[in-house]
Amino acid sequence: KNEVEQSPQNLTAQEGEFITINCSYSVGISALHWLQQHPGGGIVSLFMLSSGKKKHGRLIATINIQEKHSSLHITASHPRDSAVYICAVRPHTGNQFYFGTGTSLTVIP
Amino acid sequence: NAGVMQNPRHLVRRRGQEARLRCSPMKGHSHVYWYRQLPEEGLKFMVYLQKENIIDESGMPKERFSAEFPKEGPSILRIQQVVRGDSAAYFCASSLQSAGAVNNEQFFGPGTRLTVL
Numbered sequence: 732k733n734e735v736e737q738s739p740q741n742l743t744a745q746e747g748e749f750i751t752i753n754c755s756y757s758v759g760i761s762a763l764h765w766l767q768q769h770p771g772g773g774i775v776s777l778f779m780l781s782s783g784k785k786k787h788g789r790l791i792a793t794i795n796i797q798e799k800h801s802s803l804h805i806t807a808s809h810p811r812d813s814a815v816y817i818c819a820v821r822p823h824t825g826n827q828f829y830f831g832t833g834t835s836l837t838v839i840p
Numbered sequence: 005n006a007g008v009m010q011n012p013r014h015l016v017r018r019r020g021q022e023a024r025l026r027c028s029p030m031k032g033h034s035h036v037y038w039y040r041q042l043p044e045e046g047l048k049f050m051v052y053l054q055k056e057n058i059i060d061e062s063g064m065p066k067e068r069f070s071a072e073f074p075k076e077g078p079s080i081l082r083i084q085q086v087v088r089g090d091s092a093a094y095f096c097a098s099s100l101q102s103a104g105a106v107n108n109e110q111f112f113g114p115g116t117r118l119t120v121l
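If you read the protein sequences in the order shown, they are chains A and B. Residues 732 to 840 (our numbering) are what the first sequence spells out, left to right. Residues 5 to 121 (our numbering) are what the second sequence spells out, left to right.
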């Protein structure tokens, strides 16, 4: 059983659509990261959050600590948003992050 | 301010050889983390180091794998006698604060893709 579950696993959208990627986790956490990974590429940290909501450009991340759930939203999606989006959580104890398996997003022009 | 650097970006080894992966953290960061991403799987924690110390190696296989972060120079992840199952992408991350700090944010390197023939 994975501590972090993401949905959907794969997502195809038309350019301009509003996109939501979900992350549920089973442990008590002190922080949650949303990461972006391009094919064959490195990993970029998009957000780190422990409560509430954060916005950066067209990206919005929310977290509900009580429900152990976070969402990543992309408004006005663009083909360059095509990537794998990964949710990672840091439990209250221990040094490591637990990662979801990622959501592969393809935005079609 | 350069980001996290990893080299080589791609590494090919034959079974039984040694693989050495290097990671230079961001300037001013003294905390380094190694992660492994197997094909079609998510990232998995391997080891957490602070300068000259291994803090947590609970995710690292007990045999053939070792890691160090010397006082001078990059962090090294060493895999001895590689096997095909070691083929994966290995990512390094660094942080300014310790892993347990509230505002610990990790910055990732581009990864080293290891292929074992």
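C-beta atoms are modelled at their ideal positions from N, C-alpha and C, and glycine is treated no differently. All figures in this text were calculated on a predicted structure; none of them were measured in a lab.
8 Å Cβ shell around residue i - same chain, five flanking residues per side excluded
i       : result
Gly7/B  : Met30, Phe111 and Gly113
Arg75/B : In the sequence on display, residue 75/B carries Lys and not Arg. Around Lys75/B: Lys55 and Glu56.
Boundaries (first-last residue) of the beta strand (DSSP E) holding residue i
i        : result
Glu736/A : Val735 to Ser738
Gly89/B  : Counting along the chain, Gly89/B falls outside any beta strand (DSSP E), and DSSP gives it neither H nor E.
Val838/A : Thr834 to Ile839
Asn741/A : Asn741 to Gln745
Leu841/A : Because chain A is modelled from 732 through 840, residue 841/A falls outside the range shown and cannot be assessed.
Ala819/A : Ala814 to Pro822
Asn753/A : Ile750 to Tyr756
Gly783/A : Gly783 to His787
Arg811/A : Looking at the DSSP string, Arg811/A is not in any beta strand (DSSP E), and its letter there is neither H nor E.
Leu790/A : Leu790 to Asn795
Ser801/A : His800 to Ile805
Val775/A : Ile774 to Leu780
Ser79/B  : Ser79 to Ile83
Residue burial classification, residue i (beta-carbon count within 10 angstroms, cutoff 16)
i        : result
Arg811/A : exposed
Thr824/A : exposed
Phe778/A : buried
His764/A : buried
Ala792/A : buried
Val16/B  : exposed
Asn741/A : exposed
Gly788/A : exposed
Asn844/A : Since the first residue shown for chain A is 732 and the last is 840, residue 844/A is missing from the structure and cannot be characterised.
His769/A : exposed
Leu121/B : exposed
Ala105/B : exposed
Cβ neighbours of residue i in the same chain (closer than 6 Å, five flanking residues each side left out)
i        : result
His14/B  : Arg117
Phe749/A : Thr806
Ile752/A : Leu803, Tyr816 and Thr834
Glu72/B  : Ile80
Gln737/A : Cys754, Cys818, Gly831 and Thr834
Phe3/B   : Because residue 3/B is not part of the residues shown, which for chain B are 5 to 121, the question remains open.
Own chain partners of residue i with C-beta closer than 7 Å, once the 5 adjacent residues on each side are dropped
i        : result
Ile796/A : Ser782
Leu100/B : Gly32 and His33
Asn108/B : Ser99, Gln101 and Ser102
Ser813/A : Leu836, Thr837 and Val838
Gly63/B  : Lys48, Phe49, Met50 and Val51
Gly115/B : Gln10, Ala93, Tyr94 and Phe95
Ile58/B  : Val51 and Ala71
Proximal residues of chain D, C-beta to C-beta of residue i below 8 Å
i       : result
Gly32/B : Any reference to chain D falls outside this structure, whose protein chains are A and B.
Open item on the list: Does the stretch 40-55 of chain B come into contact with the stretch 831-838 of chain A, if we say contact requires no fewer than three beta-carbon pairs (one atom in each stretch) closer than 8 Å?
Closed with: Yes, they touch.
Open item on the list: If we require 3 or more residues per run, which beta strand (DSSP E) segments fall completely within the stretch 12-75 of chain B?
Closed with: Listed in chain order, the beta strand (DSSP E) runs fully inside the stretch 12-75 of chain B are 14-17, 23-28, 35-41, 47-54, 57-60 and 69-72, counting runs of at least 3 residues.
Task: Sufficient close CB pairs (3 or more, under 8 Å) joining the stretch 813-826 of chain A to the stretch 760-779 of chain A - done: The stretch 813-826 of chain A vs the stretch 760-779 of chain A: in contact.
TODO: Pair every Cβ in the stretch 772-782 of chain A with every Cβ in the stretch 741-759 of chain A, then say whether three or more of these pairs are closer than 8 Å.
DONE: Touching, no, given that fewer than three Cβ pairs across the two stretches are closer than 8 Å.
Task: Cβ contact (3+ pairs, closer than 8 Å) linking the stretch 85-92 of chain B and the stretch 8-28 of chain B - done: Flag = yes, the stretch 85-92 of chain B and the stretch 8-28 of chain B touch.
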